[in-house]
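Step one of this worksheet: look at the structure below.
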Amino acid sequence: MKRFFSALLIFLTVLLGHLSAQVPPVSSAVSTWTMHHGASSLSGLQRLTGAVTGPHLRCSATLSTGSEGDPAVGDVNGDGANEIVVLTFSGSKVMAFRGTDCTLLWTRNVGSSTGWGTPALAELDPSSPGLEVVVLNGGTLYSIRGTDGAVLWSRSIGTSYSPATVQDIDGDGLGEIFVVGSQIYAIRGNDGSTIWSRSGSSNFANVAVADIDGDSDYEVITVAGSTLYVLNASDGSTVWTYPVGTQGNPAIADVDGDGSQDVVVVSGGGNVWAFRNDGTTIWSWASGCGSYWGSLNSPTIADVTGDGIKDVLFGCMPSSTGYLYVLRGTDGTSQWSYSGTRSGYQALGRKIGDIDGDGILEVIVSGARYGSSPHLVILQGTDGSVEWSYDADYFEGLSIADVDNDTCMELVSSGDFSSGRLYVFDSSTPTSGCSVLGEGGDLGTEEHINTPPLTLKVERIKGYGLKVYVGREIPVSVYTTDGRLISRKVAKGGTLTLKLKAGTYIVVAGSIQKAVVVF
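My numbering puts the first residue of the sequence shown at 2, with every later residue one more than the last.
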């Protein structure tokens, strides 16, 4: 009965034309990797599988210098294919490369400060065919046109090397920018003006944006100074705060399995907290890292051990050796740990995905110039054993995304300091039609059943879009992989035809969601 009235309420809301801003259906990347840790939850999980079984290089390119941040992946020039965007460390240049062959498309200088952060890609200017690039360098935030690298606007926010997070919180199809400098800022993506700001500063603050309490409104979660802030995204008002003692960074996921989103924070001293969405503590854990560097990256979250419970992964840097810890999400107990090459800004910058398509998640660890070889290590998520490694460069930034539009993911990494190169690792043989975690078979071809008679089956119409079958009249929402709502229509008679350009989308009907690729 409760589900019936919930569905009825949504249906009436659509008919009355008062649809509020929608929450993205997933909190992890699907195909593209448009910002730091892949999505605004900062969970670091890629849901698209791949076929990468070893260090096979698809292509590489020379950067002006190395890169400390992660490469961002998305269609920035509007040609229907994905590009790779990197912020270089020295000389501070934003560089865009073609995903299929690593050909340089354009370069834009963004000042002389050291470039630490990760670019964010989002729709900010509807007059331009591709996504825009948002990057913070030193104390200046830039919006850059994806087609040619022209600066659309720039503004000062105070000295900071934090990556920006972009999310469409008001449902108008354009992204809002959330970033920490001398204050915590919410900024309009189209012109750089301030929506709101409030006290709280940091040089290295990641910002998560998510609906953690299920009320269809977003919250902004970040650590500024030594305080964890959970704020209303619309006006910056306080939801709750918690003193974490030192600088730290958050990620969002349901770690205790109760169906609600939780906030996980790692602090500079290596302390980890898991909070419910109301601010009450689920558990805390002290690693004894004793190093500020452990706070420079968010934890990553996924069920890597395969026991049905999400795990929390974070890195720290005691002495000259780096440690990766894997904690059970329900209670914080240790599952396994890895001791190896440490990384400066990334603090063992781990990312998570089923990169070889075997049904088991891998943990990909990038190390920098600190410590000994190797500097890129692929670990089996179940126990931390090494599957393979590669050491041609001092790897630092790392992303997992479909850069060549073959519906299978690739590993994208940037070399730090020494040779300054971009690397794309792919399958040694051509592949296509990889699946999404939790969904067997090729993308967009199988039927899922929730509560009968609601079903969701998506048929691709080549050169046109999608035909969606849901079994009854219900609103069907279509999102881009970075969470932008692009269509919401009622399926009359249980069927809906949608015209869409090439790309990867999330289709949602009721509580069912499916990733599909349009060619």
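Note that the Cβ used here is the ideal one computed from N, Cα and C, for glycine as well. Just so it is clear, the structure is predicted and the values come from calculations on it, not from any experiment.
Following the continuous beta strand (DSSP E) through residue i, name the residue where it begins and the one where it ends.
i: residue 485; result: No beta strand (DSSP E) holds residue 485; DSSP gives it neither H nor E.
i: residue 185; result: 184-189
i: residue 312; result: 312-317
i: residue 396; result: 396-402
i: residue 110; result: 105-110
i: residue 364; result: 363-367
i: residue 244; result: 239-244
i: residue 298; result: Looking at the DSSP string, residue 298 is not in any beta strand (DSSP E), and its letter there is neither H nor E.
i: residue 288; result: It is not in any beta strand (DSSP E) - residue 288 carries neither H nor E in the DSSP assignment.
i: residue 411; result: 411-416
i: residue 276; result: 272-276
i: residue 426; result: 422-426
i: residue 500; result: 496-500
i: residue 391; result: 387-391
i: residue 456; result: 456-462
i: residue 223; result: 220-225
i: residue 305; result: Note, residue 305: premise wrong, no beta strand (DSSP E); not H, not E.
i: residue 233; result: 228-233
i: residue 516; result: 513-519
i: residue 204; result: Taken as a continuous stretch (DSSP letters only), residue 204 belongs to no beta strand (DSSP E), as it is neither H nor E.
i: residue 533; result: Here the chain comprises residues numbered 2 to 520, so residue 533 is not present and cannot be evaluated.
Cα separation between residue i and residue j?
i: residue 232; j: residue 213; result: 11 Å
i: residue 50; j: residue 188; result: 34 Å
i: residue 460; j: residue 468; result: 5 Å
i: residue 246; j: residue 94; result: 34 Å
i: residue 262; j: residue 462; result: 35 Å
i: residue 267; j: residue 274; result: 7 Å
i: residue 472; j: residue 458; result: 9 Å
i: residue 272; j: residue 415; result: 29 Å
i: residue 587; j: residue 250; result: A question about residue 587 goes unanswered here, because the residues of the chain that appear run from 2 up to 520.
i: residue 438; j: residue 42; result: 17 Å
i: residue 429; j: residue 57; result: 6 Å
i: residue 307; j: residue 491; result: 37 Å
i: residue 466; j: residue 506; result: 11 Å
i: residue 443; j: residue 53; result: Confidence at residue 443 is low in this model, with a pLDDT of 47, below 50, so the placement of that residue should be treated as unreliable; the coordinate-derived value is given next. So the alpha carbons of these two residues sit roughly 17 Å apart.
i: residue 270; j: residue 288; result: 8 Å
i: residue 341; j: residue 324; result: 6 Å
i: residue 145; j: residue 75; result: 14 Å
i: residue 60; j: residue 425; result: 5 Å
i: residue 386; j: residue 124; result: 40 Å
i: residue 334; j: residue 432; result: 38 Å
i: residue 79; j: residue 128; result: 11 Å
i: residue 290; j: residue 317; result: 6 Å
i: residue 411; j: residue 393; result: 18 Å
i: residue 142; j: residue 155; result: 5 Å
i: residue 153; j: residue 133; result: 9 Å
i: residue 257; j: residue 351; result: 21 Å
i: residue 362; j: residue 39; result: 16 Å
i: residue 151; j: residue 504; result: 24 Å
i: residue 355; j: residue 100; result: 20 Å
i: residue 375; j: residue 395; result: 9 Å
i: residue 450; j: residue 192; result: Its pLDDT being 33, under 50, residue 450 is placed unreliably by the model, and nothing is read from it.
Whose C-alpha, out of the options, is nearest the C-alpha of residue i?
i: residue 238; options: 244, 31, 222 and 430; result: 222
i: residue 281; options: 28, 241 and 43; result: 241
i: residue 112; options: 140, 99, 125 and 513; result: 140
i: residue 277; options: 290, 271, 260 and 301; result: 260
i: residue 225; options: 506, 171, 243 and 218; result: 243
i: residue 485; options: 175, 421, 146 and 195; result: 175
i: residue 367; options: 313, 389 and 35; result: 389
i: residue 384; options: 125, 500, 329 and 216; result: 329
i: residue 157; options: 136, 286 and 148; result: 136
i: residue 203; options: 153, 305, 160 and 192; result: 160
i: residue 227; options: 118, 70 and 248; result: 248
i: residue 68; options: 493, 309 and 398; result: 398
i: residue 201; options: 400, 230 and 218; result: 230
i: residue 102; options: 423, 494 and 475; result: 423
i: residue 92; options: 104, 119, 64 and 98; result: 64
i: residue 170; options: 130, 216 and 138; result: 216
i: residue 300; options: 45, 35 and 36; result: 45
i: residue 255; options: 148, 98, 29 and 197; result: 29
Determine whether the Cβ of residue i lies closer than 8 Å to any Cβ atom of chain D.
i: residue 86; result: No chain D is present in this structure, which holds just one protein chain.
*Pair every Cβ in the region 104-114 with every Cβ in the region 178-192, then say whether three or more of these pairs are closer than 8 Å.*
No: the two stretches stay apart, fewer than three of their Cβ pairs being nearer than 8 Å.
*So does the region 162-177 actually touch the region 193-209, counting three or more Cβ pairs closer than 8 Å?*
Judged by pairs of C-beta atoms under 8 Å, the region 162-177 touches the region 193-209, as three or more such pairs exist.
*Count the C-beta pairs between the region 77-91 and the region 387-405 that are closer than 8 Å, then say yes if the count reaches three, no if not.*
With a cut-off of 8 Å on Cβ pairs, the region 77-91 is in contact with the region 387-405, counting three or more such pairs.
*asked:* Would you call the region 472-492 in contact with the region 509-518, where contact means no fewer than 3 C-beta pairs closer than 8 Å?
replied: At 8 Å Cβ cutoff, the stretches touch.
*Considering only residues of the region 133-195, which uninterrupted beta strand (DSSP E) runs meet the minimum length of 3 residues and lie entirely inside it, listed in chain order?*
Qualifying beta strand (DSSP E) stretches, in chain order: 133-138, 141-145, 152-157, 166-168, 177-181 and 184-189.
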